[in-house]
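> Dropping a structure here in structure tokens format, bear with me for questions.
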Amino acid sequence: MIFLKKLTHYLFMLFILCNVSNVLARVYYSKQEAMELAFGKDATVEMLPLFPDKQQHRNIEQRARVKLGSNMFTFYVGKKQGKILGYAALETRTVRTKPETLLVVLDAEGHLRDIHTLAFHEPPEYQPSKKWYALLKQRSIKELDLNQSIQGITGATLSTRAALDSARKVLSVFQTMIQQQAKP
Numbered sequence: 044m045i046f047l048k049k050l051t052h053y054l055f056m057l058f059i060l061c062n063v064s065n066v067l068a069r070v071y072y073s074k075q076e077a078m079e080l081a082f083g084k085d086a087t088v089e090m091l092p093l094f095p096d097k098q099q100h101r102n103i104e105q106r107a108r109v110k111l112g113s114n115m116f117t118f119y120v121g122k123k124q125g126k127i128l129g130y131a132a133l134e135t136r137t138v139r140t141k142p143e144t145l146l147v148v149l150d151a152e153g154h155l156r157d158i159h160t161l162a163f164h165e166p167p168e169y170q171p172s173k174k175w176y177a178l179l180k181q182r183s184i185k186e187l188d189l190n191q192s193i194q195g196i197t198g199a200t201l202s203t204r205a206a207l208d209s210a211r212k213v214l215s216v217f218q219t220m221i222q223q224q225a226k227p
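Under the numbering used here, the first residue of the sequence shown is numbered 44, with each subsequent residue one higher.
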């Protein structure tokens, strides 16, 4: 009987410990809310799937200084009355051991306009603030480098590095697949 009580107690504690990380997980916006955040409620949003060839893939990785991962990349294009408002990409990365999903928003010319956290599954103290993300606006791909142009956050180094990697990747895909394709 004592063994059964102890076993029940240990199993309960194991269950609690395994689910603590789920309690810390935060999902801030749905995909629909994210698109409204990026482009406004009255914008139409179209998906733009991109399939880089081998050379484009290499160029993207070289420029971004991160692995592209997949041979498909999706931009969401916000439009209003036929005019492009901007581009957005959803970027999911593992920070330490758990994922974060960021919405990286570019203006119509391809400059970094905003970064929003859509979901963050690490402890909240590892999450960069909106103020820190605001420092990244309008920065070039070369300026998005930790401890060069951008200061890290004590205790959130992996999160800031993941955010910078995501921003560089999105900018690199845009520059390689959209800007260069538009040039005559």
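Cβ atoms here follow ideal geometry from the backbone N, Cα and C, with glycine treated the same way.
Small disclaimer: the values here were computed from a predicted structure and weren't measured.
For Ala162 and Leu178, I'd like the C-alpha separation in whole angstroms.
For the purposes of this step, residue 162 is identified with residue 119 of the sequence shown, where counting begins at 1. For the purposes of this step, residue 178 is identified with residue 135 of the sequence shown, where counting begins at 1. About 20 Å.
> Within the same chain, show all residues whose beta-carbon is closer than 7 Å to that of Val109, passing over the 5 residues directly before and after it, in chain order.
Position 66 of the sequence shown, counting from 1, holds the residue named residue 109. Contacts found: Asp208, Arg211, Lys212.
> Would a C-beta distance cut-off of 9 Å place Gln194 and Leu155 closer than the cut-off?
Numbered from its first residue, the sequence shown carries residue 194 at position 151. Numbered from its first residue, the sequence shown carries residue 155 at position 112. Not in contact: Gln194 and Leu155 (Cβ atoms no closer than 9 Å).
> At what residues does the alpha helix (DSSP H) containing Lys212 begin and finish?
On the sequence shown, residue 212 is found 169 positions in, with the first residue counted as 1. 200-216 is the span of the alpha helix (DSSP H), which, as asked, contains Lys212.
> Between Ala132 and Thr117, what straight-line distance do the alpha-carbon atoms span, to the nearest angstrom?
Translated into the one-based positions of the sequence shown, residue 132 becomes position 89. Translated into the one-based positions of the sequence shown, residue 117 becomes position 74. One C-alpha to the other measures close to 7 Å.
> Determine the burial state of Phe70: buried for a count of at least 16 other Cβ atoms within 10 Å of its Cβ, exposed for fewer.
For the purposes of this step, residue 70 is identified with residue 27 of the sequence shown, where counting begins at 1. Per the sequence shown, the amino acid found at residue 70 is Val instead of Phe. The residue in question, Val70, is exposed, as its Cβ has fewer than 16 Cβ neighbours within 10 Å.
> Looking at the structure shown, is Leu187 part of a helix, part of a strand, or coil, going by DSSP?
Taking the sequence shown and counting its residues from 1, the one referred to as residue 187 is at position 144. Coil, per DSSP.
> For the alpha helix (DSSP H) holding Ala177, just list the boundary residues, first then last.
Start at 1 with the first residue of the sequence shown, and residue 177 comes out as number 134. Start and end: 173-177.
> Let me know the secondary structure DSSP gives Tyr119 once reduced to three states.
Taking the first residue of the sequence shown as position 1, residue 119 is located at position 76. Strand.
> Looking at C-alpha atoms only, which residue of Pro142, Ile196, Leu145, Gly129 is the closest neighbour of Glu168?
Walking along the sequence shown from the start, residue 168 turns up at place 125. Checked all of Pro142, Ile196, Leu145, Gly129; the closest Cα to Glu168 is Ile196.
> To the nearest angstrom, how far is the alpha carbon of Ile221 from that of Lys122?
Your numbering for residue 221 matches position 178 in the sequence shown. Your numbering for residue 122 matches position 79 in the sequence shown. Their backbone Cα atoms lie some 16 Å apart in a straight line.
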